[in-house]
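For reference, the structure is listed below as structure tokens.
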Amino acid sequence: MNYDVIVTGARCAGSPTAMLLAREGYRVLLVDRAHFPSDTISTHLVQPTGVSALARWGLLDRLTDTGCPPIDTYTFDFGPIRISGSPGTADSPVAYSPRRTVLDKVLLDAAAKAGAEVREGFTVDDLVFDDDRVIGVRGHGAGGGSVTELAAVVVGADGIHSKVARSVTADEYHQRPHLLCGYYSYWSGLPMEGRFDTYIRPNRGFAACPTNDDQTLVIAGWPFTEFAANKNDLENAYLRTFELAPEFADRLHDATREDRLYGLAVPNYFRRPFGPGWALVGDAGYNKDPITAQGISDAFRDAELCSTALHRALSGDQNFNAAMGEYHRQRDEQVLPMYEMTTALATLEPPPPETQQLLGAISGNQSAMDAFVRANAGVDSPADFFSEENIGKLLAQAADGH
Ligand SMILES: Cc1cc2nc3c(=O)[nH]c(=O)nc-3n(C[C@H](O)[C@H](O)[C@H](O)COP(=O)(O)OP(=O)(O)OC[C@H]3O[C@@H](n4cnc5c(N)ncnc54)[C@H](O)[C@@H]3O)c2cc1C
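According to this note's numbering, the sequence shown holds residues 1 to 402 in order.
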């Protein structure tokens, strides 16, 4: 074996996994077919939980040094009701929305600095098996010649269409279909003053947040059932959406569009994240609609849980199945409530009457609005915020005039 671990895919999931394992002293090969800095189709809000991971890894300064502005307030505008609050905690008070060209490069450089061997422009074509056990990858670089590399474990951090997940036919469960199409672009002259603003209207949602280079990302979404109807006139469909909030449309009118439209609709699924000689992290193992902007922070969480489990297995502290089973259990337990909320929100159906009553009740109650925002940010569990007990408490507070 040339390597202890080969990681395929070097963005939010792959680079931190490689970095954390290399920091433990393992021989790690990190490959990606892209060359960095490299963009990808994704908006890029990093929730306070993700920011906290960057701080733990000693990488937050490298991000803030790029001039990416902090975001300390999320506002959810439902039309008649507006909920505004802080997404963070005392330890991690803000979010950031760095361009992926910036964030992914910071992560890749950190993996290299930790000692991982990084191969950019390298495509994994196949896995190498010994019976049913994965023992390496076969791929090619820019020169085109086929190269085989062997390792004790191959980690697939290769996104939604994961070659690793397909090659090992990882079991899928909790699948939901494509629910929403999101299209975004970048604008200048649209100051956000530290806010991430979301507008929710029947069958439509849109949002704006500040990013690098004094630009603001503006995304609009509609149900996937309208994909065919809008796909030939995306520009109009995108711009018309903002007219549902005239004050935002006016602000956009005074701003300047700096880029073309980008967009994607994604499937929702969990995949079993390990088997003999292989593991999955990030979107390769679990994906959900981006409406709640969890993917990057989830990828960071996977990187920590999976590298901890692999360290236990590779060091002989625990057998591979027991260590990776724990990674699987923790991942699913931590993300399932957010998965349920995300797939419900991504339908863009109007909130049910009981949710509308709750929104009316918490509007103006700052601590309740902060808690709502933290649940939407995934900082606190949505299961706790939307529990019968908590809803009862908030409605009672409203009845007492807070
Ligand atoms: C429209 C949209 C908006 C989003 N907005 C947000 C948001 O605001 N906040 C948020 O947290 N998340 C958001 N997400 C989700 C987020 O983009 C993903 O969850 C995140 O990128 C997952 O990171 P990853 O490393 O698992 O996979 P990816 O970022 O997909 O990276 C996979 C890497 O693997 C490489 N690769 C694939 N196959 C091979 C191969 N065979 N050989 C070599 N390399 C390979 C690719 O080149 C790529 O670099 C959004 C997603 C979409 C689609």
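We treat Cβ as the ideally placed atom computed from N, Cα and C, and that holds for glycine.
Check	Outcome
Contact check, Pro446 vs Pro48, beta carbons under 8 Å	Nothing can be reported for residue 446: it is not among the residues displayed for the chain, which extend from 1 to 402.
Counted within 10 angstroms of its Cβ, other Cβ atoms place Asn287 as buried (16 or more) or exposed	buried
Top-ranked residue by Cα proximity to Asn365, from Leu30, Ser42, Gly79 and Ile83	Ile83
Which listed residue (Val128, Leu244 and Thr216) has its alpha carbon closest to that of Ala255	Thr216
Near ligand 1: Thr8 beta-carbon under 7 Å from a heavy atom	yes
Own chain partners of Gly115 with C-beta closer than 6 Å, once the 5 adjacent residues on each side are dropped	Ala22
Length-filtered (3 minimum) beta strand (DSSP E) runs lying within the stretch 105-133	117-120 and 123-130
Own chain residues within Cβ distance below 8 Å of Tyr184, not counting five before or after	Thr43, Leu217, Val218, Ile219, Ala220, Leu261, Tyr262 and Gly263
Backbone CA spacing between Glu226 and Gln175 [nearest angstrom]	21 Å
Endpoints, beta strand (DSSP E) assigned at Phe76	Thr73 to Asp77
Same chain, Cβ closer than 6 Å to Ala377, five either side skipped, listed in chain order	Gln47 and Pro87
According to DSSP, residues forming a beta bridge with Pro210	Thr216
Anticipated Cβ contact below 8 Å, Phe274 with Thr241, distance rounded	So it is not a contact: roughly 41 Å between Cβ atoms.
Where Pro48 sits in the DSSP three-state scheme	helix
Residue closest to Leu190, alpha-carbon to alpha-carbon, out of Arg257, Thr169 and Ala284	Arg257
Inter-residue spacing [alpha-carbon to alpha-carbon] between Leu394 and Leu358	8 Å
Backbone secondary structure at Cys306 - three-state DSSP	helix
Residues that DSSP places opposite Tyr269 in a beta bridge	Asn287
Counted within 10 angstroms of its Cβ, other Cβ atoms place Tyr26 as buried (16 or more) or exposed	buried
Three-way DSSP call (helix, strand, coil) for Gly403 in this model	The structure shown does not extend to residue 403, since the chain is modelled only from 1 to 402, so the question has no answer here.
Residue environment, Asn321, which counts as buried when at least 16 other CB atoms sit within 10 Å	exposed
As assigned by DSSP and simplified to three states, the class of Leu239	helix
Bridge partner(s) assigned by DSSP for Ser42	According to DSSP, Ser42 bridges with nothing at all.
Thr343 CB to nearest heavy atom of ligand 1 below 7 Å	no
Stretch-stretch touch, CB-based, cutoff 8 Å, three pairs: the stretch 291-307 with the stretch 49-57	yes
Alpha carbon of Pro202 to alpha carbon of Thr355, nearest angstrom	14 Å
Leu394, enclosing alpha helix (DSSP H) - first and last residue	Glu388 to Ala399
Euclidean distance between Cα positions of Phe129 and Gly277	9 Å
The stretch 157-169 / the stretch 8-21 touching (three or more Cβ pairs under 8 Å)	yes
Distance cut-off 7 Å: Pro352 Cβ against heavy atoms of ligand 1	no
N- and C-terminal bounds of the alpha helix (DSSP H) containing Leu30	Leu30 -> not in any alpha helix (DSSP H); beta strand (DSSP E) instead, spanning Val28 to Asp32.
For Glu243 and Ala249, believed in contact at Cβ under 8 Å, the rounded distance	5 Å
Distance between Phe224 and Ala375 (C-alpha atoms, nearest Å)	25 Å
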